[in-house]
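Here is the structure:
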């Protein structure tokens, strides 16, 4: 559970660092890069422990898939709320396919990994 909570938290920071500046296009690029790096630093402080704690309970591939689903979920919410971008049918279908990827990655076929 801590792994997932840390991954969610880290992705909130990273999404803000990567996309938060899109509403501030009048600022110089160097300043946007600097602020983004400052915002991203806590992301690393959360992501690294999440992967360390989660590895063993999950394979590295499963951790990456979890992270990507969280990343896109956080981004879709951020884009809708902060950027005012409405979800489309295509993004909905993409989200369903991501859920399918998670199901496949975690499918227990009775064989050792």
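In my numbering, the protein residues as written are 2 to 114.
Note that beta-carbon positions come from the ideal geometry of N, C-alpha and C, so glycine has one too.
Checklist entry - Apart from the five residues just before and just after residue 13, which ones in its own chain have a Cβ nearer than 7 Å to its Cβ? => result 75
Checklist entry - Expressed to the nearest angstrom, what Euclidean distance is found between the alpha-carbon atoms of residue 31 and residue 6? => result 32 Å
Next on the checklist: So, for residue 92: in the same chain, excluding its five sequence neighbours on each side, which residues have a beta-carbon less than 7 Å away from its beta-carbon?
Outcome noted: 77
Item to check | Own chain residues within Cβ distance below 7 Å of residue 102, not counting five before or after | outcome: 66
Checklist entry - DSSP puts residue 79 in a beta bridge; with which residues? => result DSSP lists no partner for residue 79.
Next on the checklist: Considering only DSSP beta bridges, list what residue 56 is partnered with.
Outcome noted: 59
Item to check | For residue 27, the three-state DSSP class (helix, strand or coil) | outcome: coil
Item to check | Anticipated Cβ contact below 8 Å, residue 11 with residue 47, distance rounded | outcome: 4 Å
Checklist entry - What do you get for residue 8, buried or exposed, if any count of 16 or more other CB atoms within 10 angstroms of its CB means buried? => result buried
Next on the checklist: Closest to residue 43 by C-alpha separation, out of 18, 62, 34, 26, would be which residue?
Outcome noted: 18
Next on the checklist: In whole angstroms, give me the CA-to-CA distance for residue 105 and residue 63.
Outcome noted: 10 Å
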